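Top to bottom, those sequences are chains A and B. Anchor point for the first sequence: position 69 equals 69 in full-length UniProt numbering, and the numbering is continuous, going up by one each time. Anchor point for the second sequence: position 109 equals 109 in full-length UniProt numbering, and the numbering is continuous, going up by one each time.
Number of protein chains: 2
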Amino acid sequence: MRIGELAERTGAPARMLRYYEQHGLITAERSPNGYRDFPEAIVDRVRQIRGLLDAGVPVKIIKQILPCLGSPEEIYFPVPDPEMLAQLEEQRDRMTRKAECVLRNRDAIAAYLERVSGTA
Amino acid sequence: MRIGELAERTGAPARMLRYYEQHGLITAERSPNGYRDFPEAIVDRVRQIRGLLDAGVPVKIIKQILPCLGSPEEIYFPVPDPEMLAQLEEQRDRMTRKAECVLRNRDAIAAYLERVSGTA
DNA sequence: TCTAACCTTGACACTAATGTCAGAGTCCAG
DNA sequence: CTGGACTCTGACATTAGTGTCAAGGTTAGA
Numbered sequence: 001m002r003i004g005e006l007a008e009r010t011g012a013p014a015r016m017l018r019y020y021e022q023h024g025l026i027t028a029e030r031s032p033n034g035y036r037d038f039p040e041a042i043v044d045r046v047r048q049i050r051g052l053l054d055a056g057v058p059v060k061i062i063k064q065i066l067p068c069l070g071s072p073e074e075i076y077f078p079v080p081d082p083e084m085l086a087q088l089e090e091q092r093d094r095m096t097r098k099a100e101c102v103l104r105n106r107d108a109i110a111a112y113l114e115r116v117s118g119t120a
Numbered sequence: 001m002r003i004g005e006l007a008e009r010t011g012a013p014a015r016m017l018r019y020y021e022q023h024g025l026i027t028a029e030r031s032p033n034g035y036r037d038f039p040e041a042i043v044d045r046v047r048q049i050r051g052l053l054d055a056g057v058p059v060k061i062i063k064q065i066l067p068c069l070g071s072p073e074e075i076y077f078p079v080p081d082p083e084m085l086a087q088l089e090e091q092r093d094r095m096t097r098k099a100e101c102v103l104r105n106r107d108a109i110a111a112y113l114e115r116v117s118g119t120a
């Protein structure tokens, strides 16, 4: 599919799709006319990227962790570089803390809303 | 306490503390010499701010939700503005989705690490 | 008293993620 | 075959969060 359709289906502006491609988050074939040609599967990938971005995970990190997610059959398990493994472990723990923090504060908001609605 | 001590105790550079003050996330008295004078309680507040920022919550939102968290006895429950309540509800749901997304991807990383360590 | 360490404000720079616009090529539909 | 819709690249603008530096005031200690 072309970039317009992908944009429409994912909600990501075409500008961002080019940006993601430029930064190696997604790849696209090129039609003879130079237009990007995305495979169907890219839709989910873009949704995942958007989710991670929205969750505050920066592009650099997403690029690192994307290969570990989805389509595991595509992965070679290419003698995992120990440095990268360390980064992944750190990232995992970081995301744990991040989630905890978000949930803690969400609960605080929820509690506040409870109190207010109870008062009303 | 002065800004240097606060910076040291929170890990936030003094530059950022001024930034937070400028954006209304924290407040400080002023000593006669013009130096900021922070109360003890600000330490936790700054830690909370840092946590939220690290979790990808922008300053604007933090400013909105901070009054709802901590020290509830300080809050007047000032006829909660319905528009703000709506924003808070949206923020709560947003944070739920955010946490889910982060956890989902963290689990994917964890699973990957499991596989690799199992293979090793 | 002088120096070092602290504080002040203000300015400039940078990165990440986006928006937007310009100029040019492509393609379909009338 | 022409106009409108789509695509391409590239450049510039913007916002948030930070880093850093300059020029100056304050203060504590040798």
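Think of the CB as a built atom: it goes at the ideal place given N, C-alpha and C, for glycine as much as any other residue. These figures come from a predicted structure and were not determined experimentally.
Next item on the list: List the residues of chain B that Val59/A touches, going by C-beta distances under 8 angstroms, in chain order.
Entry: Residues of chain B passing the Cβ test: none, with the nearest at roughly 13 angstroms.
Next item on the list: Report yes or no: is there a C-beta of chain A within less than 8 angstroms of the C-beta of residue 128/B?
Entry: With chain B running from 1 to 120 in the structure shown, residue 128/B is simply not present.
Notebook entry, point to check: How about the region 86-98 of chain B and the region 89-96 of chain A: do they share at least three Cβ pairs that are nearer than 8 angstroms?
Noted result: Here the region 86-98 of chain B does not lie against the region 89-96 of chain A, with fewer than 3 beta-carbon pairs under 8 angstroms apart.
Next item on the list: Verify the CB distance criterion: does Glu5/B have a CB-CB separation below 8 angstroms to chain A?
Entry: Chain A, which has no Cβ nearer than 8 angstroms to the Cβ of Glu5/B, makes this no.
Notebook entry, point to check: Is there a Cβ from chain A that is less than 8 angstroms from the Cβ of Ala41/B?
Noted result: Not one chain A Cβ lies under 8 angstroms of Ala41/B.
Check: Quick one: does Gly34/A have its CB under 8 angstroms from some CB of chain B?
Finding: Chain B contact via Cβ: absent.
Note to self: Across the region 44-54 of chain A and the region 95-110 of chain B, are there enough close Cβ pairs to call them in contact, namely three or more that are closer than 8 angstroms?
What the structure shows: Output reads yes: the region 95-110 of chain B touches the region 44-54 of chain A.
Next item on the list: May I ask which residues mark the beginning and end of the alpha helix (DSSP H) holding Tyr20/B?
Entry: Note, Tyr20/B: alpha helix (DSSP H), 14-22.
Notebook entry, point to check: Asn33/A: buried (16+ other C-beta within 10 angstroms of its C-beta) or exposed?
Noted result: By the 10 Å Cβ count, Asn33/A comes out exposed.
Item checked: Amino acids of chain A, ordered along the chain, whose beta-carbon sits closer than 8 angstroms to that of Asp44/B -> Within chain A, no C-beta atom comes less than 8 angstroms from the C-beta of Asp44/B; the nearest is roughly 13 angstroms away.
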